[in-house]
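S.K.:
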Amino acid sequence: MAFSLEHSEALLERARALMPGGVNSPVRAFRAVEGHPPFISKARGPWLYDEDGHRYVDLVGTWGPAILGHAHPEVVAAVCAAAGRGTSFGAPTAAEVVMAEKIREFYPAMDMLRLVNSGTEACMSALRVARGATGRDAFVKFEGCYHGHADSFLVKAGSGAATFGEPDSAGVPADLAQHTVTLPYNDPDALAALFEARGHEIAAVILEPVTGNMGVIKPSEAFLDALRTLPKQHGALVIFDEVMTGFRVHRGGAQALFGFEPDLTCLGKVVGGGLPVGVYGGKAAYMQHVSPLGKVYQAGTLSGNPLATAAGIATLDLLTQDAFDRAAAAADAVTEGLRQVIAETKTTAVVEQVGTMLTLFFAAEAPKNFDEVAACDHARFGRFHRLMLEEGVYLPPSGYEACFLSAEHGPDEVNAIVDAARKALPASAG
Ligand code: HOZ
């Protein structure tokens with residue numbers, strides 16, 4: 238029977254009258270790939286189910302959080318139990334303390350931290366701390382890195398902004414954007430030249446230490462070395478945005494993987510176990526600038542929310558080394574399988590992988606920066622995406638994103654992905 242999304246398409250039509258593009262986050266609209274998005278009705282383990290009765294092996298993992306698979310029974314039970322005690326108090330709770338202690342066990346560089354509601358809030362707040370602590374306005378971000386949708390970061394941004402060719406958003410005042418200095422990723426010479434010229438003005442350098450929001454790109458050793466030395470020499474902070482990489486490239490994030498101690502760290506996604514959570518924190522000397530200790534203001538009615546902390550605590554408890562290794566082994570197996578199919582089918586494509594994250598780029602070599610990602614064959618990715626969906630595999634609907642594996646992706650799911658790619662790769666040639 239032909240693949241049909243009749244119910245999803247009817248829902249999309251209704252949704253388009255209500256929400257821009259019919260969605261609450263742009264990439265979900267599937268504008269960068271062929272066809273329309275399936276509307277999801279439920280998810281279990283490594284599987285997604287849509288309103289039209291299809292089942293897909295999920296490689297999006299809710300864009301990162303679902304490292305234990307969807308609807309883990311112990312996480313669901315913890316959230317239900319918390320809901321029974323009350324969904325929000327706007328007052329301190331024991332669970333916030335427990336969660337903060339657990340996070341610090343994984344991220345010892347975070348002497349102090351704050352729980353917020355999203356990765357966007359985490360990055361926005363970390364930047365404010367850096368600016369407040371240094372008394373400087375300018376900061377460095379790298380082209381194609383995405384740090385959420387706060388105004389200062391929507392300059393040469395990745396993720397949906399790159400997907401739709403709008404890396405510089407309308408609505409961001411030029412007076413604010415002038416303080417965002419953008420440099421190419423993986424270019425230590427450009428960083429050195431910038432610090433040489435303007436080092437005294439720079440509050441912080443923020444980066445995705447392995448990128449996910451322009452697909453998976455690894456930082457070179459020379460780039461990491463430059464980040465270790467130059468900001469410190471000029472009194473600037475280094476902020477690791479580990480919203481995607483946290484608990485994903487290593488349980489301790491890229492900072493554990495690379496042995497790099499950032500001044501500030503941002504977390505999100507996995508740390509919230511599928512509920513809306515962000516975290517920012519770092520050295521006490523900087524975090525003591527946050528109100529009520531200091532003059533950097535940040536607050537939130539739902540920050541440290543009881544449902545979110547219940548999901549987060551349960552997830553961190555369940556994310557043992559064994560569970561992480563299962564997810565990483567699934568990513569290894571998918572990478573190896575896709576590379577074999579690429580070789581068999583003589584496709585011009587590469588797979589980059591770090592830990593539980595991977596991206597297939599339609600390029601001859603693994604991209605090292607945003608320009609090289611932009612030069613990939615995105616039209617072919619759009620066709621490949623649709624063919625994979627029809628074969629029962631749900632990929633991120635953009636060539637500027639990463640796939641996320643879970644501890645529940647076993648050999649059956651890996652084989653299903655590789656078998657689907659064996660059909661979809663040659664058929665996507667166009
Ligand atoms: N821009 C997000 C991932 N990089 C997508 C979030 C979503 O659509 O849920």
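Just add 237 to wherever you are in the sequence shown, counting from 1, and you've got this note's numbering. Even for Gly, the Cβ is constructed at its ideal location relative to N, Cα and C.
1) With distances taken Cα to Cα, identify the nearest neighbour of residue 265 among 300, 293, 291.
2) Just checking, does the segment 363-377 make contact with the segment 332-346 on the three C-beta pairs under 8 Å criterion?
3) With C-beta atoms as the reference, is residue 545 less than 8 Å away from residue 509?
4) List the residues that DSSP assigns as beta-bridge partners of residue 376.
5) In chain order, what residues of the same chain have a beta carbon less than 7 Å from the beta carbon of residue 332, not counting five sequence neighbours either side?
6) Enumerate in chain order the residues of its own chain whose CB-to-CB distance from residue 494 is below 6 Å, with the five nearest sequence positions on each side excluded.
7) What separation, rounded to the nearest whole angstrom, lies between the Cα atoms of residue 268 and residue 472?
8) If you check the beta carbons only, do residue 590 and residue 572 fall under 8 Å apart?
9) For residue 412, count the other beta carbons within 10 Å of its own beta carbon; 16 or more makes it buried, fewer makes it exposed. Which is it?
10) Counting only the same chain and skipping the five closest in sequence on each side, list residues whose C-beta sits under 6 Å from that of residue 653.
11) Which word fits residue 292, buried or exposed, when buried means at least 16 other C-beta atoms lie within 10 angstroms of its C-beta?
12) If contact is defined by three or more beta carbon pairs under 8 Å, each pair taking one atom from either stretch, is the segment 388-398 in contact with the segment 517-534?
13) What would DSSP say about residue 678, mapped onto helix, strand or coil?
14) Given that a residue counts as buried once 16 or more other Cβ atoms are within 10 Å of its Cβ, and exposed if not, what is residue 347?
15) When you measure from the CB of residue 450 to every non-hydrogen atom of the ligand HOZ, does any distance come out below 7 Å?
16) May I ask you to check if the CB of residue 638 is nearer than 7 Å to at least one heavy atom of the ligand HOZ?
17) Enumerate in chain order the residues of its own chain whose CB-to-CB distance from residue 463 is below 8 Å, with the five nearest sequence positions on each side excluded.
18) Quick check on the burial criterion: 16 or more other C-beta atoms within 10 angstroms. Buried or exposed for residue 382?
19) For residue 598, report the span of its beta strand (DSSP E) as first-last.
20) By the three-class DSSP mapping on this structure, what secondary structure does residue 485 have?
21) Pick from 563, 499, 660, 525: whose alpha carbon is nearest that of residue 203?
22) Contact defined as beta carbons within less than 8 Å: I believe residue 644 pairs with residue 306. What is the distance between those atoms, to the nearest angstrom?
23) Residue 370 to residue 523, Cα distance in whole Å?
24) Less than 7 Å between the CB of residue 631 and some heavy atom of the ligand HOZ, yes or no?
25) Would you tell me roughly how many angstroms separate the C-alpha atoms of residue 476 and residue 351, rounded to the nearest one?
M.R.: Per the coordinate set shown:
1) Locating residue 265 in the sequence shown gives position 28, counting from the first residue. Checking every option, the nearest Cα to that of residue 265 belongs to 300.
2) Contact between the segment 363-377 and the segment 332-346 is absent, because fewer than three Cβ pairs lie under 8 Å.
3) Here residue 545 is taken as the residue at index 308 of the sequence shown, counted from 1. Here residue 509 is taken as the residue at index 272 of the sequence shown, counted from 1. It is a contact, given that the beta carbons lie within the stated cut-off.
4) Here residue 376 refers to the residue found at position 139 when the sequence shown is read from its first residue. According to DSSP, residue 376 bridges with 417, 441.
5) Here residue 332 is taken as the residue at index 95 of the sequence shown, counted from 1. These residues qualify, in order along the chain: 543, 546, 547, 550.
6) Reading the sequence shown from its first residue, position 257 is the one you call residue 494. For residue 494, where only same-chain residues beyond five positions count, the Cβ hits under 6 Å are 486, 487.
7) The residue given as residue 268 occupies position 31 in the sequence shown. The residue given as residue 472 occupies position 235 in the sequence shown. Distance between residue 268 and residue 472, taken at the CA atoms: about 43 Å.
8) Sequence index remark: in the sequence shown, residue 590 carries index 353 (1-based). Sequence index remark: in the sequence shown, residue 572 carries index 335 (1-based). It is a contact, given that the beta carbons lie within the stated cut-off.
9) Sequence index remark: in the sequence shown, residue 412 carries index 175 (1-based). Residue 412 is exposed by the Cβ-count criterion.
10) As a working note, residue 653 is residue 416 in the sequence shown. Contacts found: 294.
11) Looking up residue 292 in the sequence shown gives position 55. With fewer than 16 neighbouring CB atoms inside 10 Å of its own CB, residue 292 falls in the exposed class.
12) The segment 517-534 makes no contact with the segment 388-398: fewer than 3 CB pairs, one atom from each, lie closer than 8 Å.
13) With the chain covering only 238 through 667, there is no way to say anything about residue 678.
14) Walking along the sequence shown from the start, residue 347 turns up at place 110. When all chains shown are included, residue 347 counts as buried.
15) For the purposes of this step, residue 450 is identified with residue 213 of the sequence shown, where counting begins at 1. Yes, the ligand HOZ has a heavy atom inside 7 Å of this Cβ.
16) Within the sequence shown, numbered from 1, the residue matching residue 638 stands at position 401. With a cut-off of 7 Å, the C-beta of residue 638 is classified as near the ligand HOZ, since at least one heavy atom of the ligand falls inside that distance.
17) Working through the sequence shown from its first residue, we reach residue 463 at position 226. Leaving aside the five residues that flank residue 463 on each side, the residues in its chain whose CB is nearer than 8 Å to its CB run, in chain order, 425, 428, 429.
18) Along the sequence shown, read from residue 1 onward, the residue named residue 382 stands at position 145. Classified as buried, residue 382 has 16 or more neighbouring CB atoms from the shown chains inside 10 Å of its CB.
19) Walking along the sequence shown from the start, residue 598 turns up at place 361. Boundaries of the beta strand (DSSP E) around residue 598: 594-598.
20) Residue numbering aside, residue 485 sits at position 248 when the sequence shown is read from its first letter. The answer is coil: DSSP assigns residue 485 none of H, G, I, E or B.
21) What is shown of the chain runs 238 to 667, which leaves residue 203 out entirely.
22) Locating residue 644 in the sequence shown gives position 407, counting from the first residue. Locating residue 306 in the sequence shown gives position 69, counting from the first residue. About 6 Å separates the Cβ atoms of residue 644 and residue 306, confirming a contact at the 8 Å cut-off.
23) As a position in the sequence shown, residue 370 is number 133, starting the count at 1. As a position in the sequence shown, residue 523 is number 286, starting the count at 1. The straight-line gap from Cα to Cα measures roughly 6 Å.
24) Position 394 of the sequence shown holds residue 631. If you check the C-beta of residue 631 against the ligand HOZ, you find no heavy atom less than 7 Å away.
25) Counted from its first residue, the sequence shown places residue 476 at position 239. Counted from its first residue, the sequence shown places residue 351 at position 114. Their Cα atoms are separated by approximately 15 Å.
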